[in-house]
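In this text, residue positions in the sequence shown follow the numbering used here: the first is 3, and each later residue adds one.
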Amino acid sequence: MEEIGFLGMGIMGKAMSMNLLRHGFKLTVWNRTLSRCDELVEHGATIGESPAAVVKKCKYTIGMLSDPAAALSVAFDKDGVLEQMGPGKGYIDMSTVDAETSSKISEAITSKGGYYLEAPVSGSKKPAEDGQLVILAAGEKALYEEILPAFDVLGKKSFFLGPVGNGAKMKLVVNMIMGSMMNAFSEGLVLADKSGLNSQTLLDVLDLGAIANPMFKLKGPSMIQSSYSPAFPLKHQQKDMRLALALGDENAVPMPVAAAANEAFKKARSMGLGDLDFSAVHETLKDSKS
């Protein structure tokens with residue numbers, strides 16, 4: 003496949019880029035702090051000095067940015083994606099943003115003759131490293147089909163969900179459910195502990211029942227140890243809860259559970275836990291019990 007550009011070398015972008023390089027893709031990479039690209043260069047990547055330089059060089063460019071503000075900045079700012087966007091070029095934004103942000107970027111890309119695909123992912127650091135992400139794409143169907151060889155390396159399953167905005171909405175719904183579940187799980191762990199029960203036994207019981215799931219199995223042991231190495235930073239989870247609640251407002255959907263979960267994540271951020279894993283919301287309950 004042709005050389006691919008990749009913008010954003012955070013926890014996810016770096017893992018995804020490394021995975022593409024391991025599978026023989028040629029990559030030109032960029033990050034606001036260029037030194038974050040050094041390890042990828044050691045594995046064969048080339049550095050682009052700006053998003054515009056990457057788009058100029060590559061037919062397909064992927065963006066994996068931290069939030070809507072970063073996604074808009076990389077697209078619209080000086081030396082951004084739009085400066086070199088033109089006919090025959092495709093931009094695939096894999097950031098988690100709201101539908102409005104995605105639509106704004108899409109309109110700008112297509113007005114320059116380019117093709118646009120939103121493709122946020124479900125999964126964190128480990129699935130990104132292992133190529134086990136779930137890709138939620140929407141937008142230009144032709145671009146989706148052209149970029150599938152890369153998606154097949156990055157993910158275990160790709161969905162094409164129709165017009166721009168549907169991928170963003172699906173991702174927000176998924177992360178809203180995940181954030182709400184993490185709060186219920188945290189309450190259960192603390193309640194078991196305060197009731198004199200063994201936390202590991204609770205994990206064993208959950209794993210054998212109808213609500214067994216990979217998140218409890220993966221996160222539970224480290225939460226018991228108060229270890230929160232960031233696979234998915236808490237500040238990003240709170241951002242997604244906020245965006246999901248806004249989507250609920252738009253559609254007049256009452257979301258009391260998600261709203262309460264969002265307040266817990268906000269409390270965790272106020273405690274300075276924003277850069278830890280989203281499972282660190284557990285600490286808000288431990289803090290209040292002392």
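All residues carry an ideal CB built from backbone N, CA and C; glycine is no exception. On a predicted model such as this, the values are computed, not experimentally measured, just so you know.
query = Near M14, what residues of its chain come up, given a Cβ to Cβ distance below 6 Å and the 5 sequence neighbours on each side ignored?
reply = Within its own chain, the residues whose Cβ lies closer than 6 Å to the Cβ of M14, once the five positions on either side in sequence are excluded, are M66, A130, listed in chain order.
query = Would you call the CB atoms of A261 and L247 closer than 9 Å?
reply = The criterion of a C-beta distance shorter than 9 Å is satisfied by A261 and L247.
key: C-alpha distance - S231 paired with P89, whole-angstrom precision   = If I take the Cα positions, the gap works out to 42 Å.
Span separating the alpha-carbon of T30 from that of V56 = Whole-angstrom Cα-Cα distance: 6 Å.
ask   = Straight-line CA distance for P235 to P70?
value = If you draw a straight line from the Cα of P235 to the Cα of P70, it comes to about 16 Å.
key: Span of the beta strand (DSSP E) around I213   = Annotation for I213: no beta strand (DSSP E) segment contains it, and DSSP assigns it neither H nor E.
request  = Using alpha carbons as the reference points, say which of L23, D242, E102, K219 lies closest to E265.
outcome  = Among L23, D242, E102, K219, the Cα nearest to that of E265 is on D242.
inquiry  = Assuming contact is defined by CB atoms lying nearer than 9 Å, are G133 and G157 in contact in what I supplied?
reply    = One thing to note: G133 has its Cβ within 9 Å of the Cβ of G157.
task = Quick one: give me the first and last residue of the beta strand (DSSP E) that F139 is part of.
result = Here the sequence assigns Ala to residue 139, which means Phe is not the residue at that position. Membership of A139 in the beta strand (DSSP E) is indicated by the continuous run 135 to 141.
key: contact_flag[the stretch 149 to 164, the stretch 182 to 195] where n(CB pairs < 8 Å) is 3 or more   = The stretch 149 to 164, when compared against the stretch 182 to 195, does not touch it at the 8 Å Cβ threshold.
ask   = Between N185 and chain B, is there a C-beta pair that is closer than 9 Å?
value = The structure shown contains no chain B; it is built from a single protein chain.
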